[in-house]
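Q:
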Amino acid sequence: MASCDRSRSVASPGTDKSAKSDNQPEAMIEEETVTSQPDTEEVSVVEATLSAVEVEEERRQGHVELQCGICMKWFTAESFSIDTSTCVPFITNYVFHCNICHHSGNTYFLRKPATLKEMCLTALANLTWTSRMQDDHPKTMFSKDKDIIPFIDRHWECMTTRQRPNKLTWQNNIVKTMTKERDVFLVKENPDPGSKDSQDEYPKFGLLDQDLTNIGPSYEGQKQPGTPAAAASSNGGFGISGSGKGRGAKRRQEGVTPPTAKRTRHDPLFQSQRLPPHGYPLEHPFNKDGYRYVLAEPDPHAPDPERVELDSWAGKPIPGDLYRSCLYERVLLALHDRAPQLKISDDRLTVTGDKGYSMVRASHGARRGAWYFEATVDEMPTGSAARIGWSQSLGNLQAPLGYDKFSYSWRSKKGTRFHQSRGRHYADGYAQGDTLGFFISLPEHTHTATCLPDTYKDKALIKFKSYLYFEEKDFVDKAEKSLKPAHDSKVVFYKNGIGQGTAFEDVYEGVYFPAVSLYKSCSVSVNFGPNFKHPPKDVTYQPMSDMGWYAVVEHTLSDLLYHVETDVEGRQSPPWDL
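Each residue of the sequence shown is one higher than the last, beginning at -6 in the numbering used here.
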């Protein structure tokens, strides 16, 4: 839904960088995303890093501590104002990323359902710590009936997101769990001969490893480059399975080499720690077959955000109003909005072709104003070719740029310009080593220019590889019939800093994305700014890099207007005061 029927004032690029963060969470598990609130408006990354290190150096056992799944450092929950009133110390069933490591710049905290093994570990750790603080002769073994079961019963809601079972069979399962996991728990079934202890206090259980600092979440296989290895302790630190049952939950072998755990496809964890440095899942659906997919994240401005829980929506459609489109603040080549055969580099700034013509678009597009980006031809083997320019979101990805009404391109061979598959002589061609410039000017008074971007909250949510995506149907025929020229618009191409003249005028109205289409094994790198190799001197423009935060602001406004204008779960928005 586009909010079009009102005038709006949008902040200039970069004025509200906290408006919307780029975060990818699992839709159906309890979650909390917290934005850091520094005392001053501007805090350097170095200062933030130093403060994070200072917090990490001082462990506070007995308090709720969280370990970052990327840098593996420990932090107290108070350091980031995370509400842990429903948590207990030594919990392990969570995922946490500090604001220094997470790609959004915000802290990320996600609780998971705990297994009985994890709950027993947390209970024994708390009982051990309390005994050390209060008893003259601290205990290491604790009674199942007098200590462990009462602790779990009192703190069930603080230890897991699962509902408390109606049957009490879990109490009997505790003995089976701790007896089986001898690499984590000590078991004592009877008192020593001559002991004054009552048989009623047995069996007793304790922790094999009494070093409580080794207790932590299971971040198997998530070691990041340059970070310490996550050693698997005999206490279960970093070694507790997320599922706790099934064939994958084999007993860990004792030894120096940490085990490598394999995540099952049933693991509900929103695996944001698997995001690459530029914030998009490694496995994702592609825009194809008439459908488009937009990565979703929980909307912190949604009413009743605590409804985002696994059990709440089991077997039901997940309400789209709880989520929003996940935008990254940098303009890059889109991983999902491309032909699957194209190869994108890790930094998402270089694309390499394969066989026939196919296309990739950038992650952000422009709807008004003057914008510019550069592209450098890295490799162009004999017989390969490129068409580079601008495309709307409905441009065909399995065709050369300029194939349909939604795109405009400049071809390397003979310098031909293309639109609707019609080639016209424009300028000389370009080859390997050339740096090309692409300028577009879109008027401010069109319908598209005066609209906020679509909010996807009214679209269906689908789950793919532990992530949620908005699914949108493409109505290409309908969109083609509604196209109309945007007067006073134009497209200009540059070659090594020299303008080649106006290529197109009065282009169709719409949102235009930088786009690259390649034939065979040609390779092209893009530069969205702000620093260009050959900045044009004859036009005024904004670098496409500015569109990153500008789009975040616009999408945030669009989502907020949706909440204000829409009935959500019986909540009626108040009438406007005119």
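Each residue gets a CB set at the ideal place from its N, CA and C atoms; glycine is no exception.
Runs of 3 residues minimum, wholly inside the region 430 to 503: which ones carry the beta strand (DSSP E) assignment?
A: For the region 430 to 503, whole beta strand (DSSP E) runs of length 3 or above, ordered along the chain, are 453 to 457, 460 to 466, 483 to 488 and 491 to 498.
Q: In whole angstroms, what is the alpha-carbon distance linking residue 406 and residue 537?
A: C-alpha separation (whole angstroms): 26 angstroms.
Q: I think residue 280 touches residue 286, with their Cβ atoms under 8 angstroms apart; what is that distance to the nearest whole Å?
A: The pair is a contact, with the Cβ atoms about 6 angstroms apart (cut-off 8 angstroms).
Q: Taking all protein chains shown into account, decide if residue 453 is buried (16 or more other Cβ within 10 angstroms of its Cβ) or exposed.
A: So residue 453 counts as exposed.
Q: Do residue 401 and residue 500 come within 9 angstroms of each other at the CB atom, strictly closer than that value?
A: Yes, these two residues count as a Cβ contact at 9 angstroms.
Q: In whole angstroms, what separates the C-alpha of residue 194 from that of residue 67?
A: Cα to Cα, residue 194 sits roughly 36 angstroms from residue 67.
Q: Mind reading off the beta-carbon distance from residue 507 to residue 519? Whole number of angstroms is fine, and I expect it under 8 angstroms.
A: Yes, they are in contact, since the Cβ atoms of residue 507 and residue 519 sit about 7 angstroms apart, within 8 angstroms.
Q: Does DSSP classify residue 64 as helix, strand or coil?
A: Reduced to three states, the DSSP call for residue 64 is coil.
Q: Who does residue 90 pair with in a DSSP beta bridge?
A: Answer is 101.
Q: Only counting the same chain, and skipping five residues up and downstream in sequence, which positions put a Cβ closer than 7 angstroms to that of residue 342?
A: Answer for residue 342: 325, 326, 518 and 519, listed in chain order.
Q: List the endpoints of the continuous beta strand (DSSP E) containing residue 116.
A: Not the beta strand (DSSP E): residue 116 falls in the alpha helix (DSSP H), residues 109 to 127.
Q: Once the 5 residues before and after residue 514 are set aside, which same chain residues still bring their CB inside 8 angstroms of it?
A: The answer, listed in chain order, is 345, 346, 347, 372, 374 and 377.
Q: Does the beta-carbon of residue 473 have 16 or more other beta-carbons within 10 angstroms, so that it is buried, or is it exposed?
A: Classification for residue 473: exposed.
Q: With which residues is residue 83 paired in a DSSP beta bridge?
A: Residue 83 pairs with nothing; no bridge assigned.
Q: Checking the sheet assignment: what are the DSSP bridge partners for residue 409?
A: In the DSSP output, where bridge partners are listed per residue, residue 409 has 418.
Q: Using a Cβ-Cβ cutoff of less than 8 angstroms, which residues in the same chain neighbour residue 198 once the five nearest sequence positions on both sides are dropped?
A: For residue 198, where only same-chain residues beyond five positions count, the Cβ hits under 8 angstroms are 113, 117, 134, 135, 137, 141, 171, 178, 179, 180 and 181.
Q: Considering only the beta carbon of each residue, do residue 509 and residue 380 sit closer than 9 angstroms?
A: A contact, by the Cβ cut-off of 9 angstroms.
Q: Should residue 548 be labelled buried (16 or more other beta-carbon atoms within 10 Å of its own) or exposed?
A: Burial call: buried.
Q: So which of 498, 58 and 168 has the shortest CA-CA distance to residue 209?
A: Of the candidates 498, 58 and 168, the one whose C-alpha sits nearest the C-alpha of residue 209 is 58.
Q: Relative to the C-alpha of residue 434, which residue among 361, 420, 153 and 125 is closest?
A: The residue with the shortest Cα to Cα distance from residue 434 is 361.
Q: Out of 163, 295 and 54, which has the shortest C-alpha to C-alpha gap to residue 125?
A: Residue 125 has its Cα closest to that of 54, out of 163, 295 and 54.
Q: What span of residues does the alpha helix (DSSP H) with residue 173 cover, start to end?
A: Residue 173 -> alpha helix (DSSP H) spans 162 to 173.
Q: Quick one: give me the first and last residue of the alpha helix (DSSP H) that residue 367 is part of.
A: Residue 367 -> not in any alpha helix (DSSP H); beta strand (DSSP E) instead, spanning 362 to 372.
Q: Determine the DSSP secondary structure at residue 205, reduced to helix, strand or coil.
A: Residue state, collapsed to three classes: helix.
Q: Using the Cβ count rule (16 or more neighbours within 10 Å means buried), how would you classify residue 317?
A: Its Cβ being crowded by 16 or more others within 10 Å, residue 317 is buried.
Q: Whose C-beta lies closer than 7 angstroms to the C-beta of residue 70 among residues of the same chain, with five residues either side of it excluded?
A: Here the set comprises 57, 59 and 77.
Q: Decide yes or no for the touch test of the region 519 to 535 against the region 482 to 493: beta carbon pairs closer than 8 angstroms, at least 3 of them.
A: Touching, yes, given that three or more Cβ pairs across the two stretches are closer than 8 angstroms.
Q: Considering Cα atoms alone, identify which of 282, 399, 315 and 120 is closest to residue 333.
A: Selected option, being the one with the closest Cα: 282.
Q: Run through DSSP, which three-state label would residue 139 get?
A: In this structure, residue 139 counts as helix in the three-state DSSP scheme.
Q: Between residue 144 and the rest of its own chain, which residues show a CB-CB distance below 7 angstroms, the 5 nearest in sequence each way excluded?
A: Result list for residue 144: 116, 119 and 120, in chain order.
Q: Would you call the region 413 to 420 and the region 465 to 481 touching, i.e. three or more CB-CB distances under 8 angstroms?
A: Not touching, per the Cβ criterion.
Q: By the three-class DSSP mapping on this structure, what secondary structure does residue 382 have?
A: Note: residue 382 maps to strand in three-state DSSP.
Q: Just reading off the beta strand (DSSP E) that residue 330 is part of, what are its end residues?
A: Taken as a continuous stretch (DSSP letters only), the beta strand (DSSP E) holding residue 330 covers 326 to 331.
Q: Does the beta-carbon distance from residue 370 to residue 427 come in below 9 angstroms?
A: It is a contact, given that the beta carbons lie within the stated cut-off.
Q: Let me know the secondary structure DSSP gives residue 73 once reduced to three states.
A: Three-state result, residue 73: helix.
Q: In chain order, what residues of the same chain lie with their CB nearer than 6 angstroms to the CB of residue 559, ignoring the 5 residues before and after it?
A: For residue 559, where only same-chain residues beyond five positions count, there are no Cβ hits under 6 angstroms.
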